[in-house]
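When you number the sequence shown by our numbering, it's gap-free, plus one each residue, and the end is 145.
C-beta: ideal position from N, C-alpha, C; glycine also.
See structure below.
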Amino acid sequence: MGQTNVNIRMDEATKKAFDAFCNEIGLSVSSVFNMFAKTVVREQRIPFEIKTEIPNSVTTAAMEVAEKGEDLYGPFDSVEALMEALNA
58 MGQTNVNIRM DEATKKAFDA FCNEIGLSVS SVFNMFAKTV VREQRIPFEI
108 KTEIPNSVTT AAMEVAEKGE DLYGPFDSVE ALMEALNA
């Protein structure tokens, strides 16, 4: 089957973010659009969602603290000891 070009217009910020996303999941922009188009045609609907997990600011802060080895508690010898620390 022959190939053809499709031009898609979008704002520059969206394009940069989409390029970054595609790189992160290991696919080219062209591959992602082809996957989407083929699935839409086959299923006759908008078929799927592919997303990256972006931690919120609270989770990011907790991860940074943990990576530094700060504010770590445990290990705990029992559930009761864990609960006591959590309730303190």
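The segment 75-94 makes contact with the segment 104-117: 3 or more CB pairs, one atom from each, lie closer than 8 Å. Straight through space, the alpha carbons of Asp-68 and Phe-78 are spaced by roughly 15 Å. If you draw a straight line from the Cα of Asn-64 to the Cα of Phe-75, it comes to about 15 Å. Ranked by how close their Cα comes to the Cα of Thr-109, the residues Gly-83, Gly-131, Glu-124 have Gly-83 in first place.
Within its own chain, the residues whose Cβ lies closer than 7 Å to the Cβ of Val-97, once the five positions on either side in sequence are excluded, are Ile-103, Pro-104, listed in chain order.
For Val-63, there is no enclosing alpha helix (DSSP H), as DSSP marks it with neither H nor E. Judged by DSSP in its simplified three-state form, Ser-85 adopts coil rather than helix or strand.
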